[in-house]
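Here's the structure, in structure tokens; my notes come after.
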Amino acid sequence: MVKPAFPGLMQDVPLTIPTLLEHAAVNHAGTEVVARMLDGSVYRYTYGDMACRVRQAAHAWQRLGIRQGEVVGTLAWNHHWHMECFYSLPGIGAICHTVNPRLFSEQIVYIINHARDRFLLIDQDFVDTVAQLVDQLTSVEQFIILGSAGCVQVPPELGEVLFYDDLIASESTSIDWPELDERAASGLCYTSGTTGHPKGVLYSHRSTVLHSMAIAQPDNLSLSALDTVMPAAPLYHAQSWGLPYGACMVGSKFVLPGRHLDGQHLLELICDEGVTTGCGVPTVWSLVLEYAEQNDLNLGQLERLLIGGTALPTNIRDRLKVRGVAAVQIWGMTETSPMGTIGRVNRLSSAMLPDEKEQLLLKQGRLPYGVQMRVKLPDGSEAPRDGQSAGDLWVKGPWIASGYLHGDGGAMLDADGFFPTGDVGHIDALGFMKITDRSKDVIKSGGEWISSIDIEDIAANHPAVALAAVVAAYHPRWDERPLLFITLNAGASISESDMLAFLEGKIAKWWTPNAVLIIDEMPMTATGKIRKLTLRERYWRHLAADEQSH
Ligand code: ADP
């Protein structure tokens, strides 16, 4: 750190997570936090109540001997218990490690052991899963169940468990938070590890507070005290995109949908609680839209959905638009906290024709203050901002990872401090970035790149198609050629030639997939994205005998 020659005379107040909580407790004490419980009922309390329970939990953690810098795991859905952990653990200087319960067992075991979690906080739903893994969890000494005694039958393998509600009940509701360094670690989240082992991304108090300030801005996620925000992205997926912290900062009403992520339950919460803003991957919102369309329901007071994780499908954007809801695209990754870019018009693009504007907003968006981006061409030079020179995306900023936990992956940053995203894309003259692919999904045909994302979006617009994925298959003449996989909507049918005819004229001829395969089920990742790797591995040799085609 450089020492200033002539320091400013402003107070050096550390940017720490307890400041967010205490701000909400004082200034938004009466604002509601609502959670869908495991049994489907709705629990509601306020930021004031939440702060009391967080302080009680903090005392309990200290009583149990949880130390500063210690990692504590959670395996839980989006509800008030989990939200409280987001504050109580970092508040005492510990690290809240959100483990994704949808991962394969081997990955859950690997992640918990790798992070060296000594305490594991688990939802009633996951006690059986954890019981089966106990023998392999080498670091965990104590399991704590989120609920009170009797809420669940405890498998004997878990030993003497503690119950969160009972543990905190008699603790004091006030606390003197310990003094913390804003650069101390606060949260840990593993990337899904589609290649190799998952890697740990370690957030700090400072990165969290700065990211919260950034997402709240009107040109970004636009959070205000008058909003009701519902994260459908799980708290274990890049910390629900930072919303648990951003909402507290501005005092938005907060709605946690629990494990009930189906269209009906989500829409009920949207309407009953007056949700104005939601966030999540496109598949979640397509469930909500389907339910609303089938039952002729409106979307209540919903104003905007923040959609990311994969490209925003035009068909979801259009269906939302007829219901008066804006789809705002966000691009990012666990390593970027996750806000990297955001799809909102700026002054230059605001003068565009409506059609052009809509096209522009299908790009992943422009950079907020705090994120710098470079597109690097294969020779290492920086690509011009011409909207077509595609290359590897590198990013830099105070809420962007500098490396992975325990040094996994080695030194990540380039000489200028930029982090490699693993995505490929370009930036246009207006500053809008477009992802053409993840580098591992790129299709290289005869030395030229084909964007799987573009073909997928068009294919998914066919009324018969539910999900579409384009992956590379080995081709003896062109190295790689695209294969299009689709799943169909209930009762729908389509032939390969119909699908190819549908694509004709909408994509360059040489991008036309060599085969269209209709499959019953799309393989999905634990974060709700299509697992292209599975398709690629399974169908890599599908065109191996195809010497003459295209
Ligand atoms: P994983 O998908 O491996 O679980 P992340 O959730 O961190 O891990 O995903 C980050 C990746 O998701 C990005 O690198 C990018 O490839 C993809 N992604 C995220 N948002 C978008 C978007 N709006 N458009 C296209 N791809 C996106």
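With the numbering used here, you'll find the sequence shown wraps up at 807, consecutive numbering, no jumps. C-beta: ideal position from N, C-alpha, C; glycine also. Being a predicted model, the structure only gives us computed values, none of them experimental.
message = Please report the straight-line C-alpha distance between arginine 574 and serine 607, rounded to a whole angstrom.
response = Mapped onto the sequence shown, residue 574 falls at position 317. Mapped onto the sequence shown, residue 607 falls at position 350. Their backbone Cα atoms lie some 18 Å apart in a straight line.
query = Where does alanine 442 sit, in a helix, a strand or coil, going by DSSP?
reply = Looking up residue 442 in the sequence shown gives position 185. In the displayed model, alanine 442 falls within a strand according to three-state DSSP.
query = Is aspartate 698 near the ligand ADP, going by C-beta to nearest heavy atom under 6 Å?
reply = If you number the sequence shown from 1, residue 698 lands on position 441. Every heavy atom of the ligand ADP is 6 Å or more from the Cβ of aspartate 698, so no.
query = Leaving out five residues before and five after methionine 781 in sequence, what residues of the same chain have Cβ atoms less than 7 Å from its Cβ?
reply = Here the question's residue 781 lines up with position 524 in the sequence shown. Ile787 and Arg788, listed in sequence order.
key: tryptophan 735 beta carbon less than 7 Å from that of glycine 703   = The residue labelled residue 703 in the question sits at position 446 within the sequence shown. The residue labelled residue 735 in the question sits at position 478 within the sequence shown. In this structure, tryptophan 735 lies closer than 7 Å to glycine 703 by Cβ.
ask   = Among the residues of its own chain, which have a CB less than 6 Å from the CB of isoleucine 209, if the five just before and after it don't count?
value = Lying before the first or after the last residue shown, residue 209 is absent from the chain, which here runs from 258 to 807.
message = For a test of your reading of the model: does the CB of isoleucine 810 fall under 6 Å from any non-hydrogen atom of the ligand ADP? Yes or no.
response = Absent from the structure is residue 810, since the part of the chain shown begins at 258 and ends at 807.
Proximal residues to alanine 640 (C-beta, below 6 Å), its chain only, five neighbours per side dropped = Translated into the one-based positions of the sequence shown, residue 640 becomes position 383. Val632, Leu634, Ser646 and Gly648, listed in sequence order.
Proline 611 burial status per 10 Å Cβ neighbour count (16 or more: buried) = Indexing the sequence shown from 1 puts residue 611 at position 354. Around the Cβ of proline 611, a 10 Å sphere holds fewer than 16 other Cβ atoms; the residue is exposed.
ask   = When the Cα of methionine 340 is compared with those of Ala351, Thr355, Ser479 and Ile349, which residue comes out closest?
value = Position 83 of the sequence shown holds residue 340. The shortest Cα separation from methionine 340 among Ala351, Thr355, Ser479 and Ile349 belongs to Thr355.
ask   = Hey, lysine 614 and threonine 288: beta-carbon distance below 7 Å or not?
value = The residue you call residue 614 lines up with position 357 of the sequence shown. The residue you call residue 288 lines up with position 31 of the sequence shown. For the pair lysine 614 and threonine 288, the CB atoms are not nearer than the 7 Å cut-off.
task = Use the C-beta contact count for arginine 623: other C-beta atoms within 10 angstroms, 16 or more gives buried, fewer gives exposed.
result = As a position in the sequence shown, residue 623 is number 366, starting the count at 1. Classification of arginine 623: buried, given that the 10 Å Cβ count is 16 or more.
message = Given 6 Å as the limit, tell me if alanine 647 has its C-beta closer than that to any heavy atom belonging to the ligand ADP.
response = Counted from its first residue, the sequence shown places residue 647 at position 390. The beta carbon of alanine 647 sits no closer than 6 Å to any heavy atom of the ligand ADP.
request  = Using only the heavy atoms of the ligand ADP, determine whether one of them is closer than 6 Å to the beta carbon of tryptophan 819.
outcome  = This structure does not reach residue 819, given that the chain is present from 258 up to 807, and the question cannot be answered.
request  = Go to glutamine 616, then tell me how far its alpha helix (DSSP H) extends in each direction, as first and last residue.
outcome  = Mapped onto the sequence shown, residue 616 falls at position 359. Where glutamine 616 is concerned, the enclosing alpha helix (DSSP H) starts and stops at 611-617.
task = Could you say if the region 278-294 and the region 326-344 meet the contact criterion of at least three C-beta pairs nearer than 8 Å?
result = With a cut-off of 8 Å, the region 326-344 and the region 278-294 count as touching, because enough Cβ pairs lie within range.
message = Just to confirm my understanding: we take glutamine 325, look at its own chain, exclude 5 residues before and 5 after, and list those with CB closer than 6 Å. What are they?
response = By 1-based counting over the sequence shown, the position of residue 325 is 68. Spatial neighbours of glutamine 325 in its own chain (CB-CB distance under 6 Å, excluding positions within 5 residues in sequence) are listed in chain order as Gly350.
task = Take the Cβ of glycine 581 as the centre, count every other Cβ of all protein chains shown within 10 Å, and call the residue buried at 16 or more, exposed below.
result = On the sequence shown, residue 581 is found 324 positions in, with the first residue counted as 1. That one is exposed.
message = On the DSSP bridge list, what partners appear for serine 702?
response = Stepping through the sequence shown from its first residue, residue 702 is reached at position 445. Its beta-bridge partners are Glu705 and Asp736.
request  = State the Cα-Cα distance for the pair proline 488 and proline 739, rounded to the nearest angstrom.
outcome  = By one-based count along the sequence shown, residue 488 stands at place 231. By one-based count along the sequence shown, residue 739 stands at place 482. Approximately 35 Å, taken between the alpha carbons.
task = With a threshold of 16 other CB atoms inside 10 Å of the CB of serine 696, please say whether the residue is buried or exposed.
result = Here residue 696 is taken as the residue at index 439 of the sequence shown, counted from 1. With fewer than 16 Cβ atoms within 10 Å of its Cβ, serine 696 is classed as exposed.
query = So what does DSSP say about threonine 534, is it helix, strand or coil?
reply = Position 277 of the sequence shown holds residue 534. In this structure, threonine 534 counts as strand in the three-state DSSP scheme.
message = Please state the DSSP three-state secondary structure of valine 411.
response = For the purposes of this step, residue 411 is taken as the residue at position 154 of the sequence shown. Coil, per DSSP.
task = Please determine if the region 372-387 and the region 410-424 are in contact, where contact requires at least 3 C-beta pairs separated by less than 8 Å.
result = The answer is yes - the region 410-424 touches the region 372-387, with three or more Cβ pairs under 8 Å.
request  = Could you give the DSSP three-state label for glutamine 586: helix, strand or coil?
outcome  = Translated into positions along the sequence shown, residue 586 becomes position 329. Glutamine 586 falls in the strand class under three-state DSSP.
key: When Leu650, Val507 and Phe676 are compared against histidine 683, the one with the closest alpha-carbon   = Mapped onto the sequence shown, residue 683 falls at position 426. Distances from the CA of histidine 683 to each of Leu650, Val507 and Phe676 were compared; the closest alpha carbon is that of Leu650.
key: Test item: CB-CB of isoleucine 527 and leucine 492 under 7 Å   = Mapped onto the sequence shown, residue 527 falls at position 270. Mapped onto the sequence shown, residue 492 falls at position 235. Against a cut-off of 7 Å, the Cβ pair of leucine 492 and isoleucine 527 comes out as no contact.
query = When DSSP labels each residue in this structure, what does tryptophan 651 get in the three-state scheme?
reply = Residue 651 sits at position 394 when you count from the first residue of the sequence shown. Shown here, tryptophan 651 sits in a strand according to DSSP, grouped into three states.
request  = Identify the continuous beta strand (DSSP E) that holds valine 773 and give its terminal residues.
outcome  = As a working note, residue 773 is residue 516 in the sequence shown. Here the beta strand (DSSP E) through valine 773 covers 772-775.
message = By the DSSP assignment, the beta strand (DSSP E) with phenylalanine 676 in it spans what residues?
response = Counted from its first residue, the sequence shown places residue 676 at position 419. Counting along the chain, the unbroken beta strand (DSSP E) around phenylalanine 676 starts and ends at 676-684.
task = Report yes if the C-beta distance between alanine 482 and glycine 503 is below 7 Å; otherwise report no.
result = For this step, residue 482 is matched to residue 225 along the sequence shown. For this step, residue 503 is matched to residue 246 along the sequence shown. Taking 7 Å as the Cβ cut-off, alanine 482 and glycine 503 do not qualify as a contacting pair.
key: Coarse secondary structure for threonine 206, derived from DSSP in three states   = The first residue shown for the chain is 258 and the last is 807, placing residue 206 beyond what the model contains.
ask   = How far does the alpha helix (DSSP H) with proline 275 in it reach, from first residue to last?
value = Translated into positions along the sequence shown, residue 275 becomes position 18. Its alpha helix (DSSP H) spans residues 274-284.
request  = Closer than 7 Å by C-beta to glutamine 616: which residues in its own chain qualify, once you throw out the five before and the five after it? Chain order, please.
outcome  = What you label residue 616 is simply residue 359 of the sequence shown in a count that begins at 1. Excluding positions up to five away in sequence, the list is empty.
request  = Output yes or no for whether 7 Å exceeds the beta carbon distance between leucine 467 and tryptophan 656.
outcome  = Here residue 467 refers to the residue found at position 210 of the sequence shown. Here residue 656 refers to the residue found at position 399 of the sequence shown. For leucine 467 and tryptophan 656, yes; Cβs fall inside 7 Å.
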